[in-house]
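Chemist: To start, I am sharing the structure in question, which I have written as structure tokens.
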Amino acid sequence: MKKLGALVAAAALMITGCGSSSGGSGSETLTVFAAASLTESFTALKTSFESSHPGTEVKFNFAGSSALVQQLSNGARADVFASADQTNMDKAVQAGVVDGAPSVFATNRLTIAVAPGNPKGITGFADLARGGLTVIVCAPQVPCGSAAEKVERGTGVTLRPASEEQDVKQALNKVQSGDADAGLVYVTDAASAAGKVGQVDFPESAQAVNSYPIAVVKDAPQAGLAKQWVEFVLGEQGRAELQKAGFGAP
Amino acid sequence: MPWVLWVPATLALALVVLPVVGLLVRTDLRRVPELIVSDAALTALRLSLETAAVSTLACIVLGVPLAVVLARSTVRGIRVLRAVVLLPLVLPPVVGGLALLYLLGRKGFLGYLLGVTAGVQVPFTTAAVIIAQTFVAMPFLVVSLEGALRSGGDRYEQIASTLGARPWTVFRRVTLPLLLPALGSGAVLSFARALGEFGATITFAGSYEGVTRTLPLEVYVQAEADVESAVALALLLIVVAVVVIAVARPRALEGTAR
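Here the protein sequences line up with chains A and B, keeping their order.
Counting in the numbering used here, the first sequence runs from 43 upward without gaps.
Counting in the numbering used here, the second sequence runs from 18 upward without gaps.
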């Protein structure tokens, strides 16, 4: 029974959002909900933010943008929300979970991930419709998939994918494992797997540029710090770090 | 029975029932019918039912002999084998999918062989869905059957042998008929498990409408765009599973009693 009690308590702690203020000693915790594609760059930014704000600890919840909106509208406690697309930020605004107008801090576009050395000789988007190629895209319901759909419409090239993945990392993984010949992924994802996958850029990707908006969450426990984080990401240092990961300027 | 057992028993029941209640309370039940008759949902449901049926068949064809071997063989190391058979029960589903991918993917040793010799690619096909479902569902069948075989003992089989029946006749005329009730419950469990299979499928088979996107995968896709229709589909999945289990319940009870 004691164990059960502990389990129930642990579950309750998880539900109420553990560690939103990790106790005492005047330390402050800033909770940032961010799209999974921001993992590398935001983690890098955390270090310099913490050193310029002594006593502050930045905690992340990286997940798909729509999952984050879900969590926020179901009462998850957070200070900042950074989405990988406008659609999900709009959802957050409609659900009344963010405070003030979101600002776009980065952009991302699609590229073709191929096996290292590009053994299938893919040179552009139209090549993906070639027979005998196993092509992976994202499902239209997720941002990378809706971007792929936009490019298809714009170019008139219809893809016959082998699979529509739920997130861009899964699409990338299938190219990396060699089970797919090509995958439509973000430039940033291809960059993060440089060496393990090759990258074939195509000009039509300009037709489907994703913007990344960021906003302070309504009733944020650390509203002041949250504003500073947003400014930090929008600022020079933030831009430099994001550019390093392959993101475009807003 | 000590009355005190009611307390944890009620908690246990609540843990299973309340989440489903939570789902029901938040759902606009009047909208459910329109949400689940979309083409995508019906395609996914049909694919789910078909693949789960084939997987169950595969589980029976492969699982019955395996259960008999595990229960009756006295070969050394059989206990280790038994543990290995149960592995899919405890593996995280994604790991199961990765394992299948490493075996049958284009760079997996069997997958490479198949590709080079026959030009066959297993991932991203309906066959991959069936393999993933069979992988995770078969232990349920084997466990049910093996339990029945062990608790039943081999008295009848020995008597049949002493009366002069050949091993194959004993298996066909004695072992199999004794197994039928447990086979019923095991098959139902396997079917239900195959129906709910998600992690190994999405990792190994991918997700494409009409080919590999079963109902659980469709729920996941919809959860990204339209949570209400995802919940409606989830309810459909729950209803199908409950009906399947309820229909086969008498047999299942009989099976466990033996």
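Even glycine gets a Cβ: it sits at the ideal position worked out from N, Cα and C.
CB-CB under 8 Å to A/M43, same chain, minus the five flanking residues each way: which ones, in chain order?
Modeler: Here the question's residue 43 of chain A lines up with position 1 in the first sequence. For A/M43, the predicted model reports a pLDDT of 45, less than 50, meaning its position is unreliable; a value from the coordinates is still stated below. Excluding residues within five positions, none has a Cβ falling inside 8 Å.
Chemist: How many Å lie between B/P82 and A/E207 at the Cα?
Modeler: Translated into the one-based positions of the second sequence, residue 82 of chain B becomes position 65. Translated into the one-based positions of the first sequence, residue 207 of chain A becomes position 165. Roughly 37 Å between the two C-alpha positions.
Chemist: Rounded C-beta distance between A/L152 and A/L201? I'm assuming under 8 Å.
Modeler: Mapped onto the first sequence, residue 152 of chain A falls at position 110. Mapped onto the first sequence, residue 201 of chain A falls at position 159. Actually they are not in contact, since the Cβ atoms of A/L152 and A/L201 sit about 12 Å apart, beyond 8 Å.
Chemist: Mapping the DSSP letters down to three states, classify A/G66 as helix, strand or coil.
Modeler: The residue you call residue 66 of chain A lines up with position 24 of the first sequence. With a pLDDT of only 40 at A/G66, under the threshold of 50, the placement of this residue in the model should not be trusted, and no figure is reported.
Chemist: Are A/T230 and A/A287 closer than 7 Å when you measure CB to CB?
Modeler: To locate residue 230 of chain A, count along the first sequence from 1; it is residue 188. To locate residue 287 of chain A, count along the first sequence from 1; it is residue 245. Closer than 7 Å, so yes.
Chemist: Return the CA-CA distance between B/A116 and A/P144, expressed in angstroms with no decimal places.
Modeler: The residue labelled residue 116 of chain B in the question sits at position 99 within the second sequence. The residue labelled residue 144 of chain A in the question sits at position 102 within the first sequence. For B/A116 and A/P144, the distance between alpha carbons rounds to 43 Å.
Chemist: CB B/S72 to CB B/T192, shorter than 7 Å?
Modeler: For the purposes of this step, residue 72 of chain B is taken as residue 55 along the second sequence, with counting starting at 1. For the purposes of this step, residue 192 of chain B is taken as residue 175 along the second sequence, with counting starting at 1. It is not a contact, given that the beta carbons lie outside the stated cut-off.
Chemist: Taking the straight line between their C-alpha atoms, what separation do you get for A/E278 and A/G166?
Modeler: Residue 278 of chain A sits at position 236 when you count from the first residue of the first sequence. Residue 166 of chain A sits at position 124 when you count from the first residue of the first sequence. Roughly 34 Å between the two C-alpha positions.
Chemist: Taking DSSP as the reference, what is the three-state secondary structure of A/K286?
Modeler: Numbered from 1 along the first sequence, position 244 holds the residue referred to as residue 286 of chain A. It is helical.
Chemist: Is B/G136 helix, strand or coil when you go by DSSP?
Modeler: Stepping through the second sequence from its first residue, residue 136 of chain B is reached at position 119. Coil, per DSSP.
Chemist: Which residues in the same chain as B/L46 place their Cβ atom closer than 8 Å to its Cβ, once the five residues preceding and following it in sequence are excluded?
Modeler: Here residue 46 of chain B refers to the residue found at position 29 of the second sequence. Hits under 8 Å: none found.
Chemist: Within a Cβ cutoff of 6 Å, which residues of the same chain sit near B/L87, ignoring the five residues on either side of it in sequence?
Modeler: Reading the second sequence from its first residue, position 70 is the one you call residue 87 of chain B. Result list for B/L87: R99 and E163, in chain order.
Chemist: Say whether chain A places a C-beta atom closer than 7 Å to the C-beta of B/E241.
Modeler: For the purposes of this step, residue 241 of chain B is taken as the residue at position 224 of the second sequence. Yes, B/E241 counts as interfacial toward chain A.
Chemist: Quick one: is B/P140 near chain A, going by C-beta distance under 7 Å?
Modeler: Position 123 of the second sequence holds residue 140 of chain B. For B/P140, the answer is yes, since a Cβ of chain A falls inside 7 Å of its Cβ.
Chemist: Check A/V41 in the structure and name its three-state DSSP category.
Modeler: Summary: the structure shown does not reach residue 41 of chain A, with chain A confined to residues 43 through 292, and so no result is reported for it.
Chemist: Mapping the DSSP letters down to three states, classify A/G237 as helix, strand or coil.
Modeler: The residue you call residue 237 of chain A lines up with position 195 of the first sequence. It is coil, neither helix nor strand.
Chemist: Residues of the region 86-100 of chain A in Cβ contact with chain B at a cutoff of 9 Å, in chain order, please.
Modeler: The residues in question: there are none.
Chemist: Give the C-beta separation of A/T149 and A/Y254 to the nearest angstrom, bearing in mind that I take them to be a contact with Cβ-Cβ under 8 Å.
Modeler: Translated into the one-based positions of the first sequence, residue 149 of chain A becomes position 107. Translated into the one-based positions of the first sequence, residue 254 of chain A becomes position 212. Sure, about 7 Å apart at Cβ, within 8 Å.
Chemist: What's the C-alpha gap between B/I255 and B/E235?
Modeler: On the second sequence, residue 255 of chain B is found 238 positions in, with the first residue counted as 1. On the second sequence, residue 235 of chain B is found 218 positions in, with the first residue counted as 1. Near 14 Å, if we compare the C-alpha coordinates of B/E235 and B/I255.
Chemist: When you compare the CB of A/A204 with every CB in chain B, is at least one pair closer than 7 Å?
Modeler: In the first sequence, counting from the first residue as 1, residue 204 of chain A sits at position 162. Closer than 7 Å: yes.
Chemist: Any C-beta of chain B sitting closer than 7 Å to the C-beta of A/D221?
Modeler: Numbered from 1 along the first sequence, position 179 holds the residue referred to as residue 221 of chain A. Judged by the 7 Å Cβ criterion, A/D221 is in contact with chain B.
Chemist: Counting only the same chain and skipping the five closest in sequence on each side, list residues whose C-beta sits under 6 Å from that of B/A247.
Modeler: One-based indexing of the second sequence puts residue 247 of chain B at position 230. Here the set comprises V236, Q239 and A240.
Chemist: Measure from the C-beta of A/A268 to each C-beta in chain B and report whether the shortest distance is under 7 Å.
Modeler: For this step, residue 268 of chain A is matched to residue 226 along the first sequence. At a cut-off of 7 Å, the C-beta of A/A268 has no neighbouring C-beta in chain B.
Chemist: Around the C-beta of A/C60, are 16 or more other C-beta atoms found within 10 angstroms, so that it is buried, or is it exposed?
Modeler: Taking the first sequence and counting its residues from 1, the one referred to as residue 60 of chain A is at position 18. Here the model assigns A/C60 a pLDDT of 43, short of 50, so the residue's position is not dependable, and the following value carries that caveat. Flag for A/C60 reads exposed.
Chemist: Pick from B/F157, B/L41, B/V33 and B/L206: whose alpha carbon is nearest that of B/V107?
Modeler: For the purposes of this step, residue 107 of chain B is taken as residue 90 along the second sequence, with counting starting at 1. Of the candidates B/F157, B/L41, B/V33 and B/L206, the one whose C-alpha sits nearest the C-alpha of B/V107 is B/F157.
Chemist: Which runs of the beta strand (DSSP E) at least 3 residues long sit entirely within the region 36-104 of chain B? Give them in chain order.
Modeler: none
Chemist: Between the alpha carbons of B/R89 and B/A149, how many angstroms are there, rounded?
Modeler: Position 72 of the second sequence holds residue 89 of chain B. Position 132 of the second sequence holds residue 149 of chain B. Cα to Cα, B/R89 sits roughly 28 Å from B/A149.
Chemist: Whose C-alpha, out of A/D221, A/G163, A/P161 and A/V251, is nearest the C-alpha of B/R123?
Modeler: On the second sequence, position 106 is the one that residue 123 of chain B refers to. For the set A/D221, A/G163, A/P161 and A/V251, the Cα lying nearest the Cα of B/R123 is the one of A/D221.
Chemist: Quick check on A/L226: does DSSP put it in helix, strand or coil?
Modeler: Position 184 of the first sequence, counted from the start, is the residue given in the question as residue 226 of chain A. Three-state DSSP puts A/L226 in a strand.
Chemist: By the three-class DSSP mapping on this structure, what secondary structure does A/P144 have?
Modeler: Residue numbering aside, residue 144 of chain A sits at position 102 when the first sequence is read from its first letter. A/P144 falls in the strand class under three-state DSSP.
Chemist: How long is the line joining the alpha carbons of B/V97 and B/L103, rounded to whole angstroms?
Modeler: Looking up residue 97 of chain B in the second sequence gives position 80. Looking up residue 103 of chain B in the second sequence gives position 86. When rounded, the distance between both Cα atoms is 10 Å.
Chemist: By the 10 Å Cβ neighbour count, where 16 or more other Cβ atoms means buried, how is B/G203 classified, buried or exposed?
Modeler: Sequence index remark: in the second sequence, residue 203 of chain B carries index 186 (1-based). Flag for B/G203 reads buried.
Chemist: Name, please, each residue of chain A whose Cβ falls closer than 8 Å to the Cβ of B/L118.
Modeler: As a position in the second sequence, residue 118 of chain B is number 101, starting the count at 1. Near B/L118 (Cβ distances below 8 Å), the residues of chain A are S219 and D221.
Chemist: Can you name, in chain order, every residue of its own chain whose Cβ lies under 7 Å from the Cβ of B/R210, other than the five neighbours on each side?
Modeler: Along the second sequence, one-based indexing puts residue 210 of chain B at 193. Short of 7 Å from the beta carbon of B/R210, and not among the five residues preceding or following it, lie these beta carbons of its own chain, in chain order: V153, A154 and F157.
Chemist: Using a Cβ-Cβ cut-off of 6 Å (strictly less than) and excluding sequence neighbours within five positions of B/L131, which residues of its own chain qualify?
Modeler: Sequence index remark: in the second sequence, residue 131 of chain B carries index 114 (1-based). The residues are V137.
Chemist: Residues in the region 193-225 of chain B with C-beta within 9 Å of chain A's C-beta atoms, listed in sequence order?
Modeler: Identification of residues in the region 193-225 of chain B having a C-beta nearer than 9 Å to some C-beta of chain A yields I219, T220, A222, G223, S224 and Y225, given in sequence order.
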